[in-house]
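Going down the list, the protein sequences come from chains H and Y. Each residue of the first sequence is one higher than the last, beginning at 1 in my numbering. Each residue of the second sequence is one higher than the last, beginning at 1001 in my numbering. For every residue, glycine included, the Cβ atom is placed at its ideal position computed from N, Cα and C. Bear in mind the structure is a predicted one, so any value in this text is a computation, not a measurement.
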Amino acid sequence: MARGVVEEHIGMGALATGWRPGSVLCCVGLGSCIGLALVDQDAGVAGVAHIVMPAGDGDPPAHFAHTAVPVLAGRTVAAGARREDLVAILVGGAQMFTFGSGQQIGARNEQAVREALVQAHIPVVAADTGGQSGRTFRVRIDDRVTASVRTTGQAEKQLSLDQLVKQTGTTSDSGASAVPNRRQTTSEMVN
Amino acid sequence: MTPDHATYSPLQLDALRELANVGAGNATISLERLIGKPIGLDLPQVELLALDEAIERAGPPEAERYGIVVPAHGDFEALVLLLIDPRGAAVLYGAFGLARDSDESYSMLAELGNILASAYLGSLGRFSGMDLAPSPPQLVVDMLAAILATVLLGDGVDSDRVLFCDSQLSVEGERCNVEMLLIPEAGAVGTLIEHLGV
């Protein structure tokens, strides 16, 4: 943390990946949009997309749920994650207004992202979605990858990613060996 | 998401600006009636912006804003969004003698938004010959980016262009910044300009 935190703001329809300790990937002011993080805890790699709509022409891919999930997965793997160790965190999808018939866009976004994740075989380990308020989503890469949410009018809170550890332990054989790997990386950083 | 001011001539942009000014004039009269005090309303800047530019223009994404949305239906569908910062809201509360963030103050802000939006839509309707009727306003207090993204995306249809009016409301010498955004449904800015005949 002491080595200068670089916070990258991910705008609507954009995505970014991070693997350097100290980097922070951030979606500021999510309303009906979804901030999707794909994390490989063992590799210490994360990718975040700021998804705006359920479906569309796929340009740019991170704008639409159905194209954002596979593209973000690919980019996160390219940054050093293992495809089978990826887990997902979802934040956003609020319904802030009630006018019109179609203001369910937040819920539709969440549903579309979840469907795309099922298709991609990526489990969701944490979510903070729905409601009527905007949120800011931060994913920090340090010794471990952590995630936090600040909802309008509330203090920033950490998302519990405990299940994430359980997931990597049970879903594949890499879980057991990857923990020492991470320790190794940690000690390298200290040196 | 491509900014193409080039598609609209300076004359057309002037026409949109002029509409906003006429709307502001009408709104001033209604507001003075509501507040019971003389007010000033200036529109120093009116611009046609692409979505992402509008978001950038409005301020820091996480900043707190009072957002008042007035949907309009008729010959074309549009939304009017007014953004007021907490300082500006405090000025308005003071002018009305209302407690901060009470039900009364929220309904006053919604009514204020209604007046401004209706006046603007009224002048737009008269000049373009199109019929536009406002629906009841909705107020939210939230992060700027969250309000904007949610409003601009509306029914999930990307709106192409946003008419962004910076306005300054002054009540008894105290200034209150109000940003007014007219967000037409995709393609509606073109329809509007066609009707204006410029």
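Nearest CB-CB separation between Ser148(H) and chain Y: not below the 9 Å threshold. Three or more beta-carbon pairs separated by less than 8 Å link the region 1069 to 1083 of chain Y to the region 1119 to 1138 of chain Y, which places the two stretches in contact. Listed as beta-bridge partners of Ser148(H) by DSSP are Arg138(H), Gln158(H). Close to chain H, meaning a Cβ-Cβ distance shorter than 7 Å, are the following residues of the region 1137 to 1149 of chain Y: Gln1138, Val1140, Asp1142, Met1143, Leu1144, Ala1145, Ala1146, Ile1147, Ala1149. Secondary structure of Asp1142(Y) (DSSP, three-state): strand. DSSP, reduced to helix, strand and coil, places Tyr1093(Y) within a helical segment of the structure shown. Here His50(H) is actually not in contact with Ala37(H); their C-beta atoms are around 11 Å apart, not less than 8 Å. As a beta-bridge residue in DSSP terms, Asn1177(Y) pairs with Gln1168(Y). Using a Cβ distance threshold of 9 Å, Ala1110(Y) and Lys1037(Y) do not count as a contacting pair.
Arg83(H) and Ser1107(Y) have their C-alpha atoms roughly 51 Å apart. In the structure shown, Met53(H) falls within a strand segment according to DSSP collapsed to helix, strand and coil. In this structure, Val48(H) places its C-beta atom within 9 Å of the C-beta atom of Thr17(H). Residue range 1103 to 1128 is occupied by the alpha helix (DSSP H) that includes Tyr1106(Y). If you draw a 10 Å sphere on the C-beta of Gln119(H), you find fewer than 16 other C-beta atoms in it, and that means exposed. Scanning its chain for C-beta atoms nearer than 6 Å, with the 5 sequence neighbours on each side dropped, one finds around Pro1184(Y) the residues Ala1078, in chain order. Taking a beta-carbon distance threshold of 9 Å, Pro1061(Y) counts as an interface residue toward chain H. The count of Cβ pairs closer than 8 Å, one atom from the region 133 to 151 of chain H and one from the region 101 to 116 of chain H, stays below three, leaving the stretches out of contact.
By the rule that beta-carbons nearer than 9 Å mark a contact, Leu1049(Y) does not touch chain H. Residue-level contact check: Arg135(H) touches chain Y, since one or more beta carbons of chain Y fall below 9 Å from its beta carbon. Between Leu1196(Y) and Leu1048(Y), the gap from beta carbon to beta carbon reaches 9 Å or more. Rounded to whole angstroms, the Cβ separation of Arg138(H) and Cys26(H) is 5 Å, and the two are in contact under 8 Å. When Arg1087(Y), Val1046(Y), Leu1181(Y) are compared, the shortest CA-CA separation from Ser1118(Y) is found for Leu1181(Y).
In the pairwise beta carbon analysis, the region 84 to 96 of chain H is classified as touching the region 118 to 134 of chain H: at least three pairs are separated by under 8 Å. Under the Cβ criterion of 9 Å, Ile105(H) is counted among the residues facing chain Y. Counting only residues of its own chain and dropping the five nearest sequence neighbours on each side, Ala1015(Y) has a CB closer than 6 Å to the CB of Leu1196, Val1198.
For Gly1113(Y), the closest C-alpha among the options Ile1193(Y), Gly1067(Y), Ala1054(Y) is that of Gly1067(Y).
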